[in-house]
Each structure stands twice: as structure tokens, then as C-alpha cells.
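First comes the structure, then the notes that go with it.
Structure (C-alpha cells):
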């Protein structure tokens, strides 16, 4: 599966350091980010520019890491600024008030100038040799039925024989998404998948979600990126808090998709919580340097309706509904 690549410019002691992020930052890859920031924060004071130009996704785990380390760097006489942020990532930063805590600049030149006006942009460092990519199209066995499937590129695919979904990465490696199947009903279609409570599956869930939205043609790019963010936060919340990172557990994701809205249900059998109280608590963190606790607030901001219930001996269920933007006014 794709991961997070972090490259660092080699600067003189009196010059700012530039970090280049390539990929996504979620609850799985944030550990690599934290390790790098730990190394930087443990030494001499660092003035750090983080270049987001190749960052495709940022969840609340990454937001918390940047806020925490910006404070740590400033305490030691350094600082942290961000530059070159893609529109979909910028929406997330604005949503949680992060730009009030960490300066965000449109270009690397502007970011460097915020430390010292005479500083010029630093060249992107050479990357270490990457794992070779597969040349597509290529034949791969469906991980469900083991029959040959011709795949056109790294994406989520539906097998023509068993009709189940699987993911193929840039190296041509396959991973079953655990989809039970789909049921077409009047005016919509159901998708159901069961996944282990393991954060390495978060990217597969996002890929699955964006794939079915893309295939259906429902919703805009803005719809897709925001729904992707909310579902990722909800699934990560179950894995971390309901199950305590217990990889032996599993959760069920059910999606009902129509041309007007998407409804997502998460079912788990872990610890329950008070959703309304959690959202209220996290609303107080917007624009503050609190280290954790923004996921439920993000879900509330993105989704139009939220319902949560916990039934003894049955489990917990979170229901999230989002009207596609062109239909919002008809349902308000």
C-alpha cells in the first residue's frame, strides 16, 4: 500500500530546514511523521518549513502531531510553518482552525521569507530509490476467487467473476477489501465490508469509498474528499477508542448510496461513548493547541446528520448521512 515519504533538505545551521511530505498522513502513517519530528525537536532549535505540495490527505492524527510539535519547537526557540497546501487539505486546516496556530504560506519562498527575507527556496532533495512500480495493465489473481483479472492501474477493482472488491497498489500487490457484496435496491445501492481493527486498513477504506463514489458519478470532488475524511476519522475512532487498537477485533461498514445522498453505518462491539458530549468537548479545541481530540468535531462538521446508539449484547452503531451539495437545499 502507498505510504508517507518524508524528505529533508540539508541546510546550514543558520538556515531553516525544509521537510517534504509525499503521500498521506492518517492514523497509520502518523508514526513515521512523529518519529521525524521527534528527531528534529530533540536537537538544537530548528526553524522548520513543512512543504505540503505532494500531501494528498491529512487526518486529525496528523493535525494533532503538527500542533504538538510546533509548540515543542517554539519552546526551544525554533518554529514551524507550512506551505504549498492543496485545496482539499487546506479545507481541513481551516475547519479545525489550524491556520490560527501554525502559519500557512502559499509558496515555499514565502515560508522561508517569514524566517529571513533573503532566504531562497531550497531544491527538493533527491529521494531514496523507491520500490519499483508495476507497468499496467497487468494480470492479477482475484484474492477472493483466485481467478485472473486484468487491472488497468492502481485502484479498487470489482472482480468480473465473484463481484467482490480488491485493492491493487502501484507495485501490483493485491489486498482483499473484505467486501461481502452489494445489493441493489430501489433508488440506491448497498455496499458492505468487514475489516479487521487495524489502522493499516484505513487507506483501503478510503480507496474503497472514493472508488464507489467515482464509479457512481454521484457527488462532486469536494463531496468525495470531505466524506472520505469523515469516514476515515470515524473508523480510526473505533479502532483506537472502542477497541483499544486490538487487531483481533473487526468492524462492519455499510454504505447506502443514492444520487442525492450517501449514508454510512459503522457497527462495532467495543466500548461505547457519548457522541454529543464528545463533539461538544472537541468544539472547544478549534483554534487551540490542544494535542488530541478533533475527529468527532470533523465528522460533525462534514456530515449533515449523525446518530449513535449502543445496545447491550448487540453493539454500537454510528450512522452518518451526507447530502450531495447539489441536493442540500432540497433537504434543509
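Residue numbers (the working numbering): 8 to 339.
Where a beta carbon is used, it is the ideal one built from N, C-alpha and C, also for glycine.
Proximity of residue i and residue j at Cβ, strictly below 7 Å
i: residue 103; j: residue 74; result: no
i: residue 173; j: residue 262; result: no
i: residue 315; j: residue 270; result: no
i: residue 243; j: residue 34; result: yes
i: residue 72; j: residue 96; result: no
i: residue 241; j: residue 273; result: yes
i: residue 54; j: residue 86; result: yes
i: residue 66; j: residue 320; result: no
i: residue 27; j: residue 45; result: no
i: residue 4; j: residue 100; result: The requested residue 4 does not occur in the structure, where the chain is confined to residues 8 to 339.
i: residue 326; j: residue 237; result: no
i: residue 329; j: residue 234; result: yes
i: residue 340; j: residue 79; result: Residue 340 lies beyond the residue range present for the chain, which begins at 8 and ends at 339; the question has no answer from this structure.
i: residue 39; j: residue 61; result: no
i: residue 266; j: residue 225; result: yes
i: residue 122; j: residue 20; result: no
As assigned by DSSP and simplified to three states, the class of residue i
i: residue 178; result: coil
i: residue 146; result: strand
i: residue 126; result: For residue 126, the pLDDT reaches just 43, beneath the cut-off of 50, and the residue's location in the model is therefore unreliable, although a value from the coordinates is still provided. In this structure, residue 126 counts as coil in the three-state DSSP scheme.
i: residue 166; result: coil
i: residue 10; result: coil
i: residue 278; result: coil
i: residue 24; result: strand
i: residue 326; result: strand
i: residue 318; result: strand
i: residue 160; result: coil
i: residue 261; result: strand
i: residue 303; result: helix
i: residue 213; result: helix
i: residue 206; result: helix
Straight-line Cα distance separating residue j from residue i
i: residue 159; j: residue 59; result: 29 Å
i: residue 280; j: residue 288; result: 13 Å
i: residue 12; j: residue 208; result: 18 Å
i: residue 254; j: residue 205; result: 5 Å
i: residue 232; j: residue 181; result: 24 Å
i: residue 52; j: residue 285; result: 36 Å
i: residue 156; j: residue 312; result: 39 Å
i: residue 144; j: residue 178; result: 12 Å
i: residue 152; j: residue 110; result: 51 Å
i: residue 252; j: residue 202; result: 13 Å
i: residue 114; j: residue 90; result: 6 Å
i: residue 216; j: residue 64; result: 14 Å
i: residue 119; j: residue 25; result: 9 Å
i: residue 220; j: residue 108; result: 34 Å
i: residue 227; j: residue 331; result: 8 Å
i: residue 82; j: residue 147; result: 52 Å
i: residue 2; j: residue 307; result: Because the chain here runs from 8 to 339, residue 2 falls outside it and cannot be looked at.
i: residue 318; j: residue 245; result: 16 Å
i: residue 301; j: residue 32; result: 15 Å
i: residue 222; j: residue 214; result: 12 Å
i: residue 324; j: residue 76; result: 34 Å
i: residue 256; j: residue 117; result: 47 Å
i: residue 10; j: residue 268; result: 31 Å
i: residue 170; j: residue 141; result: 24 Å
i: residue 195; j: residue 167; result: 21 Å
Whole-angstrom C-beta distance between residue j and residue i, which should lie under 8 Å
i: residue 56; j: residue 88; result: 6 Å
i: residue 258; j: residue 275; result: 4 Å
Per-residue burial, residue i [other beta carbons within 10 Å of its own, 16 or more giving buried]
i: residue 229; result: exposed
i: residue 304; result: buried
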